[in-house]
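The sequence shown finishes on residue 520 if you use my numbering, and the numbering steps up by one all the way, no holes.
Scroll down for the structure; my scribbles are underneath it.
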Amino acid sequence: MSGQRTGQISDNSRRIARNTLALYFRMFLLMAIGLFTARIVLNALGVEDRGVYETVGSFVSMMAIITSSLSTAISRFLTVEIGKSNAGNLRRVFSTAVTIMLLVSAVVLLVAEPVGLWYMDNVMRLPDGRLAAAHWVFQFSLLTFVINLLSVPYNAAIIAHERMSAFAVIGVLEGVFKLLVALILMVTPFDKLVSYALLMCGVSLMIRFIYTVYCRHFFEESRVGAGFDKAYFRQMFGFAGWNGLSYGVYLVNTQGVTLLVNYFFGVVFNTMRGIAFNVENMVKQFVSNVLTAMNPQITKSYVTDNKEYSYSLACKGSKYAFLIVFILALPFLFEAESLLVLWLGPLVPEGTALFTRLALAGLCLDLLMTPFSTIIQASGNIRRFYLVTSSVTFLIFPLTWIIYKTGAPAYSCYLVFAAVYLVNDVVKLWLLRRQVGLPVMMFVKEVAFKILPVAVLSLLVTFLVWRVFDAGVWRLLTVLVVGTLVTCLTVYLFALTDGERGFVNSRLHFKRHGNKKASL
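Take a look at the structure:
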């Protein structure tokens, strides 16, 4: 029995590694396509029309909290039933999820349509002569949002079944379609702004069709239509509601604090915060790929009473999340000014580098406990957890307002964020011990004691190297090379387990062996 479980765990680990690679493949291709597409679209639309599209689209995207919370809820319930191998309940969950998304889509249309049109006509500041075009953009953006809502059960099914290769391929296909849209914009004789909104809506419709066809071909539960199971309906809405509370607080802590920065310091500081936010999101993308691949396994192992394995996976996810952020953030901690100028040009506002450093430091604390939230979601006992943790993190907004009123500098919002999230991490550990029995010492030994030597030694060595050189290209290159090498070495020596080091050694041995064969 022990050997069977060990073999199963080994298979699960290989599946996680394979899925992570598929998601990284998706991310790198989408980043490359996205950078090229953004440049073409900006040139085709112009600054003003691009601004209109972003402004109108942002009003619709504020409702993304609905998509995020419901997607997490549906994915959790699907993953639980897959883990239990209960085909009947799996069909009921999926059909109920389809019904929920149909109802939510209807409510969104009924509420957003009149409110959005009123907001554009009476509040939104638009260039002269572009109100009619903005109305069309709003209609197509709203329709795109509804299409994406209806796709949620199918996306969740692919993730729950751990078909990340399909998720990656469809994602890349979506990126290619968006590139084609950008190329069409360059030659279309029609209003480019309206054409762009229409074509982007068409892309969403095609991707929705592909997801549906794929799921109905491979997953039996997705062949059923809309259905209704009262118990699952109530559970999923309850789960989404409490999960949505954390998304709502996150929205306040990002968009709300941005408004405070604007109110107290002006638009230049908003630009600085926006650049830091972009860097933070790019780094976060690298972590989300690992966690997306691990989350289904954490859930399945927990609901099948293999709790030790789920705790171990969550600890690994926490360790990997911190180390990925750290190795990407280290160059910015020492050479943010040079890297930002290299990326954006010489017009980067002074002080942006400090914003970026503090944002990345806060991100390390934010992501440290994220994998453990999956265990709470798997347990289904989320009410207390999200109520307490959301209450703690909500303090960021009022505390930032208070310190700004007392004359604190603009960057102090990041210090508040880091302090509150450090407290929140401790609170989460306490709740995890109380609610699911997570051993706190397991976290200390497998996460804290692993990452601390890496952080301390890497920072110390990189700082000493940074002090030797004068500012310039050579210092930037030296910091990048030395910082990366030292971090990788300390990760290998202090952060990896014997099994993880063995895996790395086997991969390196395989590559050396392959190179020898090639040379022969």
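Just so it is clear, CB atoms sit at the ideal spot from N, CA and C, and this is done for glycine as well.
Just so you know, these numbers come straight off a predicted model, no measurement behind them.
Cβ shell of residue i (< 7 Å), same chain only, five flanking positions each side left out
i	result
V424	A small correction: the amino acid at residue 424 is Asn; Val does not occupy that position in the sequence shown. Answer for N424: T389, V392, T393, listed in chain order.
A361	A418
S68	Y247
T370	L291, A321
K428	M369, F372, T389
DSSP three-state assignment for residue i, whether helix, strand or coil
i	result
N43	helix
S506	helix
T304	coil
P349	coil
M186	coil
R208	helix
A329	helix
L30	helix
T292	helix
R223	helix
D191	coil
T497	coil
L340	helix
Same chain, Cβ closer than 6 Å to residue i, neighbours up to 5 away in sequence not counted
i	result
I82	A160
A518	The predicted model places A518 with a pLDDT of 42, which falls under 50 and marks its position as unreliable, so this point remains unresolved.
V279	T356
I396	N253, V416, F417, V420
Start-to-end residues for the alpha helix (DSSP H) that takes in residue i
i	result
R357	352-368
D121	87-122
S246	230-251
N381	No alpha helix (DSSP H) holds N381; DSSP gives it neither H nor E.
L477	473-490
A160	131-160
Y414	412-436
R467	449-468
P398	396-405
T258	257-265
F443	440-443
Member of the options whose CA lies at the smallest distance from the CA of residue i
i	options	result
A182	N43, F385, V420	N43
W474	P398, V416, L339, I451	L339
Q139	A336, F237, L29, L199	L199
V481	F334, L205, N262	F334
A197	S458, V41, A336, R216	V41
V287	K405, Y320, D305, G266	Y320
C201	N381, R467, M186, V146	V146
K307	L438, S412, R130, N86	L438
M186	T37, W430, I376	T37
N148	S204, T72, A97, A455	S204
L358	V427, D366, Y411	Y411
R76	M294, R223, V261	M294
F265	P398, Y404, E174, I170	Y404
G274	K284, Q285, V261	V261
Own chain partners of residue i with C-beta closer than 8 Å, once the 5 adjacent residues on each side are dropped
i	result
S506	none
G129	none
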